[in-house]
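Data first, discussion second: the structure below is written as structure tokens.
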Amino acid sequence: MFVPKRVFFERDALRYPLGERLYHRFKSSGLPLSYTTGHNRVTGVPGDTPRRAYAEAKATLVVGVKRSLEFQGSRPSADYALPLVTGCPGHCQYCYLQTTLGPRPYIRVYVNVDEILARAGRYIKERLPKETSFEGSCTSDPVPVEPYTGSLASAVRFFAGQEKGRFRFVTKDPQVSGLLGVEHGGHTEARVSLSPRYVEETFEAGVAPTSERVRAARQLWKAGYAVGFLVAPVMVYPGWKEELEDLLRQVAKAAEWAPFLEVVTHRFTARAKRLILARHPGTLLPLEEEGRQYRFGQFGYGKYVYPPKVLEDIRAFLQEETQRILPGSQVRYVV
Ligand code: SF4
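Heads up, the sequence shown is in our numbering, so the first residue is -1 and it goes up one at a time.
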């Protein structure tokens, strides 16, 4: 379980029952507590090199209030991002949060969960009679802090009561027990994130091994959730096809159902490259611009992605292998 080294509180967060509860919980556990004037400008996280500052920030929890309730879009995963948590204690070198969070990789939890969910309810109403979907992991892995906040469970319960609202989240954290008994009404989809062996062994740290993640997926499925896998990031290196095939076989061995798959290929931004090289000097990540295509993303920054021909190879390979190894499963998208 994620245990932070230090916790910062916005004073306003203490006006909410969850903020107050978290304050007493962390105070009684003896963790160093401080106040911050805003969750977006926390100062006082130690670290005299980019590498150490990064590691210390990843061990820092900030408890705040989500003030902007204009939700961002979250394509292709969902219509909107549901901002319950920002950040993740994991240390995956390739992580998209290197770009999204840039110099602020500390973990933020928001205590005004009821206000956030009420806003989601208004989005749903505005779009009726269409269904509206929300992604709970747009800028986070929300599961590591769930034992503290319970906010993911609150969201699952909220969406169970929304006829036209759907919720989804993705995680690499197998500690999903807090979600298993929650009434979800079939309105929440869980995805467990998996990566091929070389990617897991070379670029991931501070996250559970694949076998435990697959076990968590099974638990969620047994609890009645729709469960799929996010295969990410797919990279091209000697043996990538064999490793993806192995991964699919591992899923097939554990899954008594036909899980859907979503696939994200490796990409990076100039900002992420700069930060990754400072935080993980000597990284083996493929960060050369040559051989990539530059494309503008939905958040206004450009990224280096695999060119169409390579993407098409990956797509065709995964479609074919999924049909063969996981008959009945659907590859929803490969981006
Ligand atoms: Fe990023 Fe996911 Fe790894 Fe967390 S677990 S560091 S969100 S890739």
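Note that beta-carbon positions come from the ideal geometry of N, C-alpha and C, so glycine has one too.
Helix or strand or just coil, what does DSSP make of lysine 56? The sequence position of residue 56 within the sequence shown is 58, counting from 1. Coil.
Consult DSSP for alanine 203 and reduce its assignment to one of helix, strand or coil. Sequence index remark: in the sequence shown, residue 203 carries index 205 (1-based). Three-state result, alanine 203: coil.
Where the alpha helix (DSSP H) containing aspartate 311 begins and where it ends: As a position in the sequence shown, residue 311 is number 313, starting the count at 1. Residues 306 to 323.
For tyrosine 382, which three-state DSSP category applies? There is no way to answer for residue 382, as the model of the chain reaches only from -1 to 333.
Which class does arginine 106 belong to by DSSP, given the choice of helix, strand or coil? As a position in the sequence shown, residue 106 is number 108, starting the count at 1. Correct three-state label for arginine 106: strand.
Is it right to say lysine 64 is buried, meaning 16 or more other beta carbons lie within 10 angstroms of its own, or is it exposed? Start at 1 with the first residue of the sequence shown, and residue 64 comes out as number 66. The residue is buried, with at least 16 neighbouring Cβ atoms inside 10 Å.
Assuming proline 87 and arginine 277 make a contact with CB atoms under 8 Å, what is their CB distance in whole Å? Translated into positions along the sequence shown, residue 87 becomes position 89. Translated into positions along the sequence shown, residue 277 becomes position 279. Actually they do not touch by this definition, with Cβ atoms about 15 Å apart.
Straight-line CA distance for glutamine 160 to leucine 245? As a first step, residue 160 must be located in the sequence shown, where it is residue number 162. As a first step, residue 245 must be located in the sequence shown, where it is residue number 247. Computed Cα separation, rounded: 35 Å.
Local conformation of leucine 192 per DSSP, three classes: Walking along the sequence shown from the start, residue 192 turns up at place 194. Looking at leucine 192 - three-state DSSP - the assignment turns out to be strand.
Tyrosine 302, buried or exposed, once every other Cβ within 10 Å from all chains shown has been counted against 16: Within the sequence shown, the letter at position 304 stands for residue 302. Buried, because 16 or more other Cβ atoms sit within 10 Å of the Cβ of tyrosine 302.
Measure the beta-carbon distance from proline 148 to glutamate 187 and round it to whole angstroms, keeping in mind my assumption that it falls under 8 Å. Residue 148 sits at position 150 when you count from the first residue of the sequence shown. Residue 187 sits at position 189 when you count from the first residue of the sequence shown. The question names proline, yet the displayed sequence has glycine at residue 148. About 19 Å; that fails the 8 Å criterion.
Pull the bridge partners of valine 301 from the DSSP assignment, please. Numbered from 1 along the sequence shown, position 303 holds the residue referred to as residue 301. Strictly speaking, residue 301 in this sequence is lysine, with valine absent from that position. Partner(s): Arg293.
Would you mind stating whether proline 194 and glutamate 241 have Cβ atoms separated by less than 8 Å? On the sequence shown, residue 194 is found 196 positions in, with the first residue counted as 1. On the sequence shown, residue 241 is found 243 positions in, with the first residue counted as 1. In contact: proline 194 and glutamate 241 (Cβ atoms closer than 8 Å).
Pop quiz: tyrosine 104 and valine 205 are said to be a contact at Cβ under 8 Å. What is the actual Cβ separation, rounded to whole angstroms? Along the sequence shown, read from residue 1 onward, the residue named residue 104 stands at position 106. Along the sequence shown, read from residue 1 onward, the residue named residue 205 stands at position 207. Rounded, the Cβ-Cβ distance is 17 Å, inconsistent with contact.
Have a look at the DSSP bridge pairing and note the partners of glycine 163. The residue labelled residue 163 in the question sits at position 165 within the sequence shown. Partner(s): Thr130.
So is the beta-carbon of lysine 301 under 7 Å away from any non-hydrogen atom of ligand 1? As a working note, residue 301 is residue 303 in the sequence shown. No, Cβ of lysine 301 sits at least 7 Å from all heavy atoms of ligand 1.
Answer yes or no: do tyrosine 21 and leucine 12 have a C-beta to C-beta separation smaller than 8 Å? Start at 1 with the first residue of the sequence shown, and residue 21 comes out as number 23. Start at 1 with the first residue of the sequence shown, and residue 12 comes out as number 14. Yes; because the gap between Cβ atoms is below 8 Å, this pair is in contact.
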